[in-house]
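Numbered according to full-length UniProt numbering, the sequence shown spans residues 1 to 124. One structure below.
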Amino acid sequence: MQLTLERPDHEFFLRGADGRVALVNDRRLERSFILAPNALIEDWAVSDVRVLRIEDLEPLFALQPELIVLGCGGTQAFPPAATLAASLARKIGLESMTNAAAARTFNVLAGEGRRVVAGFVLGG
Numbered sequence: 001m002q003l004t005l006e007r008p009d010h011e012f013f014l015r016g017a018d019g020r021v022a023l024v025n026d027r028r029l030e031r032s033f034i035l036a037p038n039a040l041i042e043d044w045a046v047s048d049v050r051v052l053r054i055e056d057l058e059p060l061f062a063l064q065p066e067l068i069v070l071g072c073g074g075t076q077a078f079p080p081a082a083t084l085a086a087s088l089a090r091k092i093g094l095e096s097m098t099n100a101a102a103a104r105t106f107n108v109l110a111g112e113g114r115r116v117v118a119g120f121v122l123g124g
């Protein structure tokens, strides 16, 4: 039986993530970051989704997504209603989930060629 590692067509892919660490391609990340199929922005200055400000989403909006997948860490959390409303006002969906679920969702959507951007909150 031959096993083949199928590499995606895009530059960056997520091998896994939890509340403390993520593996993008072969790089281990321990600080919050933003990921698109062809962009990686490290050291995103967000440590808690529950206090996420509209300004915190600007680097994600700049990547022109149709959907933002928000990895909120190891436990489920949601951003403030005003932050969600700002994303919807731009006609950009925003889904919040644990980092593990966000990693799986990002990979599926990116593999389908969707304009997806993910923000992952890491730490403590």
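Glycine included, each C-beta is placed from N, C-alpha and C at the ideal position.
Residues that Ile92 bridges to, as DSSP identifies them: Residue pairing from DSSP leaves Ile92 without any beta-bridge partner.
Where do the N-terminal and C-terminal ends of the alpha helix (DSSP H) with Ala36 fall, by residue? For Ala36, there is no enclosing alpha helix (DSSP H); the residue is part of the beta strand (DSSP E) that begins and ends at Phe33 to Ala36.
For Leu57, count neighbouring Cβ atoms within 10 angstroms of its own Cβ and tell me buried if that reaches 16, exposed if not. Counting of Cβ neighbours within 10 angstroms places Leu57 among the buried residues, the total reaching 16 or more.
Fully enclosed by the stretch 14-72, which beta strand (DSSP E) runs are 3 residues long or longer? DSSP runs (the beta strand (DSSP E)) wholly in the stretch 14-72: 14-17, 22-24, 27-29, 33-36, 39-41 and 67-71.
CA-to-CA distance, Asp9 to Ile54, given in whole angstroms: Near 31 angstroms, if we compare the C-alpha coordinates of Asp9 and Ile54.
Please list, in chain order, all residues of the same chain as Val117 whose beta carbon is under 6 angstroms from its beta carbon, the five residues on each side excluded. Cβ neighbours of Val117 beyond the five flanking positions: Ala36, Leu60, Leu63, Pro65 and Ile68.
Check whether chain D comes within 8 angstroms of Pro80, counting only Cβ atoms and requiring the distance to be less than that. Annotation note: the requested chain D is absent from the structure, which comprises a single protein chain.
Does Asn25 pass the burial test, meaning 16 or more other C-beta atoms within 10 Å, or should it be called exposed? Exposed, by the Cβ-count rule.
Of all the options Leu29, Arg114 and Arg15, which has the alpha carbon lying nearest to the alpha carbon of Ile41? Here the closest residue by C-alpha is Leu29.
Tell me whether Phe120 sits in a helix, a strand or coil according to DSSP, three-state version. Secondary structure of Phe120 (DSSP, three-state): strand.
Can Gly71 and Gly16 be called in contact, C-beta distance under 8 angstroms? Taking 8 angstroms as the Cβ cut-off, Gly71 and Gly16 do not qualify as a contacting pair.
Identify, in the order they occur along the chain, each residue of the same chain with its Cβ nearer than 8 angstroms to the Cβ of Ala86, setting aside the five sequence neighbours on each side. Excluding sequence neighbours, Ala86 sits near Ile54 and Leu57.
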